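Comments concern the structure below.
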Amino acid sequence: MDMAIWKVISQHLTHMAKFERKGRFEHPTTRIVRVYLWAVLNDRPVYWACHKRNWRGVKPPRNLPNQSTMSRRLARQSTKEMIDALLDSIEPALKYALVLRIDGKPLPIAKHSSDKRATIGRGVGGFQKGYKLHAIYAGNNRPVAFCVEPMNVDERVVAKRLLGRLSLGEGYLLADANYETNALYDYAAMMGRILVTPRRFANAKGIGQSRKHSTYRLSMIDRMREPTEFLSDLYK
1 MDMAIWKVIS
11 QHLTHMAKFE
21 RKGRFEHPTT
31 RIVRVYLWAV
41 LNDRPVYWAC
51 HKRNWRGVKP
61 PRNLPNQSTM
71 SRRLARQSTK
81 EMIDALLDSI
91 EPALKYALVL
101 RIDGKPLPIA
111 KHSSDKRATI
121 GRGVGGFQKG
131 YKLHAIYAGN
141 NRPVAFCVEP
151 MNVDERVVAK
161 RLLGRLSLGE
171 GYLLADANYE
181 TNALYDYAAM
191 MGRILVTPRR
201 FANAKGIGQS
211 RKHSTYRLSM
221 IDRMREPTEF
231 LSDLYK
C-alpha cells in the first residue's frame, strides 16, 4: 500500500472528525470510514481491519468496531455521504464540467468461483465471469457517478441510470462506439449533454430504415464523417 495516499486520507478524516456531531453511536462515522478504507487500500476484507494487529506501521483507532458493526454502518446513508464528502475534500468532483466521459471496466473473478451474483459477459479479449465498473468521469479522472453491476448488464442501460444521477448541465459526454444508440443520444440531450461516439459498426454505410432514429444521433453521424478540428481534438 502507498503510505503517502493513506497519510492524505488520514489527515482529511482527522480534520473532518473535529466537525462531526456526537451521535447515538459508539463509533463516529469518520472512524467507520477510516477502518473501511484501511481494508480497501490494503486489498483485504473489512473484518481484517477490525483487528489492531493488522494496523502495522500506523496508529489504529483507539477503539475498533467489530465486523457486525461495520456491516450495519457501511449500509447507512450517512456513511456513504461521509465517503463522498471525503472524496470531495481530497479531489472535488467536477459534476458540471464541460466534458465528461463514460466507460465500463470489466472486473473478472476466478473461473472456479461460486459467486452466484457474478455473471458471464463481454470482458477484455472475450467473455469473462464477474462484474463491471460503470463510471462517468470528469477531467480529473474522479468519477462523478458510478456503480458496479454483474458482467452481463448492458453498458447502455447503465449509462442512462448514471446520467440520471447528474444534475442538468450543458456540455459533452464522450463514449466509445458501444454507446451509440438512439435512446442514449436522446436521453443525454434531455440531460443537457451532447453525446459524442463513433459509429458502432465502423463500416456501416447506412443507418437502417426499420425504426425512428434520434435526430441527435443522426446529427453526430454527419459531424463525425468529416469532423471539425474541435470535434477531433475533443474526442482524442
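Our numbering puts the first residue of the sequence shown at 1, with every later residue one more than the last. Backbone N, C-alpha and C define an ideal beta-carbon position, used for all residues, glycine too. Remember, predicted model here, so these are calculated numbers, not experimental data.
{"Query": "Segment contact flag, the stretch 209-218 with the stretch 185-197, C-beta cutoff 8 Å, min 3 pairs", "Result": "yes"}
{"Query": "Rounded distance between the beta-carbons of Tyr172 and Leu98, thought under 8 Å", "Result": "7 Å"}
{"Query": "Phe230 - DSSP class collapsed to helix/strand/coil", "Result": "helix"}
{"Query": "Touching by the beta-carbon criterion (3+ pairs, under 8 Å), the stretch 113-130 and the stretch 80-97", "Result": "no"}
{"Query": "Per-residue DSSP class, three states only, for Leu166", "Result": "coil"}
{"Query": "Distance, Lys132 Cα to Leu184 Cα", "Result": "19 Å"}
{"Query": "Arg142 beta carbon less than 8 Å from that of Ala93", "Result": "yes"}
{"Query": "Bounding residues of the beta strand (DSSP E) (the contiguous stretch that carries Ala135)", "Result": "Gly126 to Tyr137"}
{"Query": "Exposed unless 16 or more other CB atoms sit within 10 angstroms - verdict on Ala188", "Result": "buried"}
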